[in-house]
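Enquirer: Numbering (full-length UniProt numbering), first residue to last: 1 to 285. Glycine residues also receive a C-beta, built at the ideal position from the N, C-alpha and C atoms.
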Amino acid sequence: MIQSMTGYGKSVLQLPTKKISIELKSLNSKSLDLNARMPSMYRAKELEIRKLIAKNLVRGKVDFSLYVEITGEDTSSKINKTVVNEYIKQLKEVVDGDATELLKMAIRLPDAVTTERDDIDEDEWSLISNGINDTIAKIVDYRKDEGAILKQDFTDRISTLRRLLDEVIAMDPDRIDGVRARLEKGIADIKEKVDENRFEQELVYYIEKFDITEEKVRLDNHLDYFSKTLNSDDSNGKKLGFISQEIGREINTIGSKSNYAPMQKLVVQMKDELEKIKEQMLNVL
Numbered sequence: 001m002i003q004s005m006t007g008y009g010k011s012v013l014q015l016p017t018k019k020i021s022i023e024l025k026s027l028n029s030k031s032l033d034l035n036a037r038m039p040s041m042y043r044a045k046e047l048e049i050r051k052l053i054a055k056n057l058v059r060g061k062v063d064f065s066l067y068v069e070i071t072g073e074d075t076s077s078k079i080n081k082t083v084v085n086e087y088i089k090q091l092k093e094v095v096d097g098d099a100t101e102l103l104k105m106a107i108r109l110p111d112a113v114t115t116e117r118d119d120i121d122e123d124e125w126s127l128i129s130n131g132i133n134d135t136i137a138k139i140v141d142y143r144k145d146e147g148a149i150l151k152q153d154f155t156d157r158i159s160t161l162r163r164l165l166d167e168v169i170a171m172d173p174d175r176i177d178g179v180r181a182r183l184e185k186g187i188a189d190i191k192e193k194v195d196e197n198r199f200e201q202e203l204v205y206y207i208e209k210f211d212i213t214e215e216k217v218r219l220d221n222h223l224d225y226f227s228k229t230l231n232s233d234d235s236n237g238k239k240l241g242f243i244s245q246e247i248g249r250e251i252n253t254i255g256s257k258s259n260y261a262p263m264q265k266l267v268v269q270m271k272d273e274l275e276k277i278k279e280q281m282l283n284v285l
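(1) Which first and last residues belong to the alpha helix (DSSP H) in which residue 315 is found?
(2) If you reduce the DSSP assignment to three classes, tell me which class G237 lands in.
(3) By how many angstroms is the C-alpha of L27 removed from the C-alpha of residue 301?
(4) Looking at the secondary structure, which residues open and close the alpha helix (DSSP H) in which L282 lies?
(5) What number of angstroms, rounded off, separates the C-alpha of V217 from the C-alpha of E46?
(6) Identify whether Y8 lies in helix, strand or coil by the three-state DSSP scheme.
(7) What is the DSSP secondary structure of P141, counted as helix, strand or coil?
(8) Could you give the C-beta distance for I88 and G9, rounded to a whole number, given that I count them as a contact under 8 Å?
(9) To the nearest angstrom, how far is it from the Cα of residue 296 to the Cα of T100?
(10) Can you confirm whether the region 227-234 touches the region 259-277 when touching is taken to mean that 3 or more C-beta pairs between the two stretches lie within less than 8 Å?
(11) Between L13, R59, M38, S21, which lies nearest to N283 when the distance is taken from Cα to Cα?
(12) For L24, which residues in the same chain have their Cβ closer than 6 Å to its Cβ, ignoring the five residues on either side in sequence?
(13) Using only the alpha-carbon positions, how far apart do S244 and L57 sit?
(14) If the criterion is Cβ atoms closer than 9 Å, does the pair V267 and V168 meet it?
(15) Can you tell which of D141, A261, L34, V12 has its C-alpha closest to the C-alpha of R175?
(16) Note down, in chain order, each residue of its chain lying with its Cβ closer than 6 Å to the Cβ of L32, except the 5 sequence neighbours on either side.
(17) Helix, strand or coil: which one does DSSP assign to D174?
(18) Quick check on the DSSP output: the beta strand (DSSP E) that includes N35 runs from which residue to which?
(19) What does the Cβ neighbour count give for T213, buried or exposed, with the cut at 16 atoms within 10 Å?
(20) Determine the burial state of D172: buried for a count of at least 16 other Cβ atoms within 10 Å of its Cβ, exposed for fewer.
(21) Checking 9 Å against the spacing of the C-beta atoms, do L66 and M38 come in under that value?
(22) Quick one: residues in its chain with C-beta nearer than 6 Å to the C-beta of S21, no 5 flanking neighbours on either side, listed in chain order?
(23) So is E250 buried or exposed if we call it buried at 16+ other beta carbons inside 10 Å?
(24) If you compare alpha carbons, which of I120, L285, N259 is closest to G241?
(25) Within the same chain, show all residues whose beta-carbon is closer than 8 Å to that of V113, passing over the 5 residues directly before and after it, in chain order.
(26) Quick check on the burial criterion: 16 or more other C-beta atoms within 10 angstroms. Buried or exposed for M263?
(27) Quick check on the burial criterion: 16 or more other C-beta atoms within 10 angstroms. Buried or exposed for R143?
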């Protein structure tokens, strides 16, 4: 089943002293373009997170965010009392002021507040890791839902292409008769006697140049292959893109060989449908 590269997933974990919010957003991209934002204390786990996301999302412009909100008494910032008291002592020698004002000045000076970098608690990380996996599962489900919509659109457009191909096939005998009639009329207008056998040979050779039998067969096969790939278990947007190119090549050749206005109108419609398929194909994983 195909998947879209557009998706969104979010999980929120409430731990004893903090709330963890995990978000994943993705858009279409030719390869995996992953941007990760997280507090510095979790940077040691970034490579592990990147590998996990790459394995599950494969392609797309992906934004991963891990936010931490402290909800308990635990904090990594501490007042350096020794340094602050020394600053206050020195400030008293310079300016007059009450203790509160001196404290306000001292707390703004370098090293008055220190930030402790705690080691990652493995029990806590286990919960966060489960949250990341849950978020990935949500964005994959989102992508599958979007993929189902794309699949239906592709199915409808391939059906339209097949209907137009059937019209081309039904029209082809009249086209060849029309080409033959125009050539015979052209010769008649010249009012010159020609060798009938030689004329017939040249006519057959000329008409063979306009023959689209092979193109019709190949186009029919490509449409079948597209549908088969579309309904396979794997999502392979690149493969579908290659098949679309082959479909376009056969449609273009039919158009260049048709030399028949009604058929060229059908070819224009086929090109329009294929262009819409290619536009949507940019979103397929």
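Expert: In brief:
(1) No answer is possible for residue 315: it lies beyond the span of the chain, which begins at 1 and ends at 285.
(2) helix
(3) Past the boundaries of the shown model lies residue 301; the chain is included only from 1 to 285, so the question cannot be answered.
(4) That residue, L282, is in no alpha helix (DSSP H); it is neither H nor E in DSSP.
(5) 52 Å
(6) Reduced to three states, the DSSP call for Y8 is strand.
(7) For clarity, residue 141 is Asp in the given sequence; the question names Pro instead. DSSP places D141 in helix when its eight states are reduced to three.
(8) The C-beta separation of I88 from G9 comes to about 50 Å, leaving the pair out of contact by the 8 Å criterion.
(9) Because the chain in this structure spans residues 1 to 285, residue 296 falls outside the shown range and cannot be described.
(10) no
(11) R59
(12) G9, F64, T135, I139
(13) 23 Å
(14) Yes; because the gap between Cβ atoms is below 9 Å, this pair is in contact.
(15) A261
(16) A54, R59
(17) helix
(18) 32-37
(19) exposed
(20) buried
(21) yes
(22) Correct list, in chain order: V12, Y67.
(23) buried
(24) L285
(25) S77, K78, I79, N80, I107
(26) buried
(27) buried
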